[in-house]
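Residue numbers (this note's numbering): 170 to 331. Using N, Cα and C, we set each Cβ at its ideal position, and we do this for glycine too. Note that the structure is predicted; figures quoted are calculated from it, not measured.
And the structure:
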């Protein structure tokens, strides 16, 4: 994991590595004005660098679930990933084929999204529940870390968004 300015991301990453398990972890700051996600924490800085931004050009179903309805998203296999993300080849090259995305909110608004990726078939409804419970328990610290990242993470653009 990269040396992040805020330890809240490292702490939740360590917790989620134990349950439900994580190969690739990123924390993405949601910026609603430009509809952009900015990477503020990553376990794979070469493949998914800090500060990289991407306009949200993913499925409306994902946006409705994670951003509008503030609910976690589960794609248990590569086929489900391909419906949502354009970088499936890179994801699979890292040994991943399933994703859980969990929104983090502050004052009723999404401020960030945690992306957990593991091998295809590793995530189930139980995995989603376990990850959601862990994030919920740390939600205040995580929300503050996302908001603080506006001051600590240099921005940039890339074409990759896990």
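Open item on the list: Classify residue 215: buried if its beta carbon has 16 or more other beta carbons within 10 angstroms, exposed otherwise.
Closed with: exposed
Task: Through-space distance from residue 256 to residue 331, alpha-carbon basis - done: Because residue 331 carries a pLDDT of 43, less than 50, the predicted location of this residue cannot be relied on, and no value is offered for it.
Task: Whole-Å CB distance - residue 311 paired with residue 273, under 8 Å assumed - done: 5 Å
Open item on the list: I need the DSSP call for residue 250, collapsed to helix, strand or coil.
Closed with: helix
Task: Integer Cβ distance of residue 352 from residue 193, believed to fall under 8 Å - done: In the structure as shown, the chain begins at 170 and stops at 331. Residue 352 is therefore absent and cannot be evaluated.
Open item on the list: I'd like to know whether the C-beta atoms of residue 177 and residue 303 end up nearer to each other than 7 Å.
Closed with: no
Open item on the list: I need the DSSP call for residue 257, collapsed to helix, strand or coil.
Closed with: helix
- [ ] Give the secondary structure of residue 287 by DSSP, where H, G and I count as helix, E and B as strand, and everything else as coil.
- [x] strand
Open item on the list: How far does the alpha helix (DSSP H) with residue 302 in it extend, from its first residue to its last?
Closed with: 294 to 306
- [ ] Could you check what DSSP says for residue 322 in three-state terms: helix, strand or coil?
- [x] coil
- [ ] Apply the 10 Å Cβ neighbour rule to residue 267 and answer buried if 16 or more other Cβ atoms are within range, or exposed otherwise.
- [x] buried
TODO: Identify every residue that forms a DSSP beta bridge with residue 198.
DONE: 207 and 281
Task: Strand pairing of residue 270, partner residues [DSSP] - done: 242 and 284
Open item on the list: As a quick exercise: from 283, 320, 249 and 306, pick the residue whose alpha carbon is nearest that of residue 290.
Closed with: 249
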